[in-house]
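The next block holds one structure in the form of structure tokens; read it before the comments.
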Ligand code: F6R
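Residue numbers (the working numbering): 42 to 307.
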């Protein structure tokens, strides 16, 4: 895994935006599928991409979006739905057609069938070119909470109490946070051709340590990313504070110019 350490969440956002921009510019208007996460972690990147769209004519023409997850029970238009979140925080502000933004339907009458349909829809669309991820304090990617199968597909999961509390800030109270979600599985996420993950804050330090340096385990589902050959993790100093390899990662980055492309992918 390639790890970049940045000063703060703002700088993390810039580096993640750089990674996304590189992919978008390479596609140059040809079809490109981005997998997008919600939550706080990628928002600084989305804000920066909106700025680049407005001020540097970065175009997202040709981009299709598949969201990572959605709350069971919430229709796409619900103020707290993840579909609404991504529109308000990113896609409505750039040239991505709303009809090209797909998410699991939280209000589908049969959530399990919806999960299977969604997994298939991603495959039929040709898969995800670049998946944007955050990571939970419990180590989850998507909402693959501890104990999730590392080869799981999109399905219904139950949030752990800690995640419900962490997500309560987006609602009026913790009681309103749905405890069930439709989430891409770990196996679904690993199918993406490339992955970029953003993390900031001290409360992510243990999850980042486990994800990068821990043994691969269902206890910390982010550790499954070690099995993917093209993952860039961008973390701030606080989230990197438990990394034993932090100095090595800084050294790798500082010396990259000597051999262009060195560890461009892990
Ligand atoms: C969101 C998602 C989650 C979040 C994680 C971190 O779509 O799948 O895995 O990325 O819970 O959330 P924040 O960024 O709010 O700390």
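Every residue, glycine too, gets a C-beta built ideally from N, C-alpha and C.
At a cut-off of 6 Å, is residue i close to ligand 1 when judged by its beta-carbon and the heavy atoms of the ligand?
| i | result |
| --- | --- |
| residue 71 | no |
| residue 78 | yes |
| residue 110 | yes |
| residue 82 | yes |
| residue 255 | no |
| residue 302 | no |
| residue 183 | yes |
| residue 54 | no |
| residue 147 | no |
| residue 226 | no |
| residue 175 | yes |
What residues match up with residue i in a beta bridge as DSSP calls it?
| i | result |
| --- | --- |
| residue 312 | Because residue 312 is not part of the residues shown, which for the chain are 42 to 307, the question remains open. |
| residue 229 | DSSP, once it has assigned bridges, lists no residue as partnering residue 229. |
| residue 221 | 199 |
| residue 236 | 172, 272 |
| residue 258 | 261 |
| residue 111 | 223 |
| residue 277 | 47 |
| residue 143 | 107 |
Taking the alpha-carbon of residue i as reference, which of the options has the nearest alpha-carbon?
| i | options | result |
| --- | --- | --- |
| residue 261 | 189, 49, 53 | 189 |
| residue 245 | 257, 280, 218 | 280 |
| residue 193 | 108, 182, 50 | 182 |
| residue 118 | 49, 81, 143 | 143 |
| residue 273 | 226, 174, 250, 300 | 174 |
| residue 43 | 276, 299, 228 | 276 |
| residue 89 | 81, 51, 75 | 51 |
| residue 110 | 184, 290, 296 | 184 |
| residue 131 | 160, 84, 169 | 84 |
| residue 269 | 180, 213, 230, 66 | 230 |
| residue 16 | 191, 254, 168, 251 | Because the chain in this structure spans residues 42 to 307, residue 16 falls outside the shown range and cannot be described. |
| residue 71 | 162, 154, 170 | 170 |
| residue 129 | 114, 81, 300, 160 | 81 |
| residue 99 | 58, 107, 74 | 58 |
| residue 253 | 221, 75, 287, 224 | 287 |
| residue 227 | 135, 265, 97 | 265 |
| residue 178 | 250, 96, 56 | 250 |
| residue 172 | 103, 153, 73, 223 | 73 |
With residue i as the anchor, note down where its beta strand (DSSP E) starts and where it stops.
| i | result |
| --- | --- |
| residue 46 | 43-47 |
| residue 172 | 171-174 |
| residue 106 | 104-108 |
| residue 76 | 73-77 |
Grab the span of the alpha helix (DSSP H) containing residue i for me, first residue to last.
| i | result |
| --- | --- |
| residue 251 | 246-254 |
| residue 299 | Per DSSP, residue 299 belongs to no alpha helix (DSSP H) and is neither H nor E. |
| residue 182 | No alpha helix (DSSP H) contains residue 182, which DSSP labels as neither H nor E. |
| residue 126 | 123-130 |
| residue 165 | 152-165 |
Any Cβ of chain C within less than 7 Å of the Cβ of residue i?
| i | result |
| --- | --- |
| residue 102 | Protein chain content of the structure displayed is limited to a single chain, and chain C is not contained in it. |
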